[in-house]
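Worksheet: one structure, shown below.
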Amino acid sequence: DQQVKQNSPSLSVQEGRISILNCDYTNSMFDYFLWYKKYPAEGPTFLISISSIKDKNEDGRFTVFLNKSAKHLSLHIVPSQPGDSAVYFCAASAMSGGYQKVTFGIGTKLQVIP
Amino acid sequence: DSGVTQTPKHLITATGQRVTLRCSPRSGDLSVYWYQQSLDQGLQFLIHYYNGEERAKGNILERFSAQQFPDLHSELNLSSLELGDSALYFCASSGGGTTTPEAFFGQGTRLTVV
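Protein sequence lines correspond, in order, to chains A and B. First residue of the first sequence: 1, per this note's numbering; consecutive thereafter. First residue of the second sequence: 115, per this note's numbering; consecutive thereafter.
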C-alpha cells in the first residue's frame, strides 16, 4: 500500500517558467511533509518542509502548498532554472510508537529546458 | 556534507556472494533507514531501525538483513546476491523522536553484481 503517491514520473518545464510537482497521501495521521531533491549518483537532500498546521511554506524560489482536505501537497519552483533538473521526492511523517516514521514517494524527475 | 557516512562507495561482487554495507548516522540521530534505488527508479524503503530496534520493514528480501548497533551505526547485509540486486543503497538518519523528521542521506553505496 503506497501511502505517499507521486503520480507523475517526469515533468519538463522551460527555464524561467513555473514547475509544479504534485504529491498525494492516504494516511490522515501524517503531520509533517517534506520534499527532497536528488541529483544522479548523489543522496537525496532535504529541500523544504511543511507542518500540517500550515497550508503554505515558502523558501526563496520554492513554495510548498498543503491541502489537508484533499490530502494533497505540491511543490512550486518559480522561476525554474536548469540546475533544478533532478528527481524530487515527496515524503510524509507521522509519529508511530514514540518515534517519527517517514514514508517516501517514488519521485518525479524534473527537467528544466534552457 | 549531510553528516551521514556510508562505506564503501562502490562495491563489485559476484553472484552468490555476501556483502555488508555500513552506515554511520549523523551525531545524535537515533533513526536509521535503508533504501534501495534501482536504475531510474524511486527510493524503495527496505528497513527502519530506531535506537537499536527494528521498527518497520518495507520491501526487503529475506536474503537481506540489517542491524543497528549500540553506537547507532547500522549494517545492511546482502547475501546470495543476484544480478538484480545491483542498485544504489542509501542510508538515511533522523532524530526520530520529537525533533522534526528531516532525514539526512548518505552518498550511497553503488553495488554491482556481476
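Cβ atoms here follow ideal geometry from the backbone N, Cα and C, with glycine treated the same way.
Per the DSSP secondary-structure output, B:Y149 pairs in a beta bridge with B:F159, B:F204. With the criterion set as a beta carbon lying under 9 Å from some beta carbon of chain A, the members of the segment 194-226 of chain B are L202, F204, C205, A206, S208, G209, G210, G211, T212, T213, T214, P215, E216, A217, F218, F219, G220, Q221, G222, R224, in sequence order.
DSSP, read as helix, strand or coil, puts B:L175 in coil. Taking 8 Å as the upper bound for CB-CB distance, B:E216 and A:F46 are in contact here, some 5 Å apart.
Annotated as proximal: B:S193 and B:R132, with beta-carbon spacing under 8 Å.
In its chain, beyond the 5 residues on either side, I126, S200 have a beta carbon closer than 6 Å to the beta carbon of B:T226.
Using a Cβ-Cβ cut-off of 8 Å, A:S28 does not count as an interface residue toward chain B, since no Cβ of chain B sits closer than that to its own. Runs of the beta strand (DSSP E) spanning 3 or more residues and lying entirely within the segment 32-62 of chain A occur at 32-38, 45-51, 56-59, in chain order. Apart from the 5 residues on each side of it in sequence, B:H187 sits with its Cβ closer than 6 Å to the Cβ of S138 in its chain, given in chain order. The criterion of a C-beta distance shorter than 8 Å is not satisfied by A:F62 and A:L73. When secondary structure is reduced to three states using DSSP, A:D24 falls in the strand class. The Cβ atoms of A:I20 and A:H76 sit closer than 8 Å to each other. Between A:G43 and B:Q181 a beta carbon distance of about 21 Å is seen, past the 8 Å cut, so the two are scored as non-contacting.
Between the segment 118-125 of chain B and the segment 47-55 of chain A there are fewer than three C-beta pairs closer than 8 Å, too few to call the two in contact. In terms of Cβ geometry, A:P79 and A:G16 form a close pair [threshold 8 Å].
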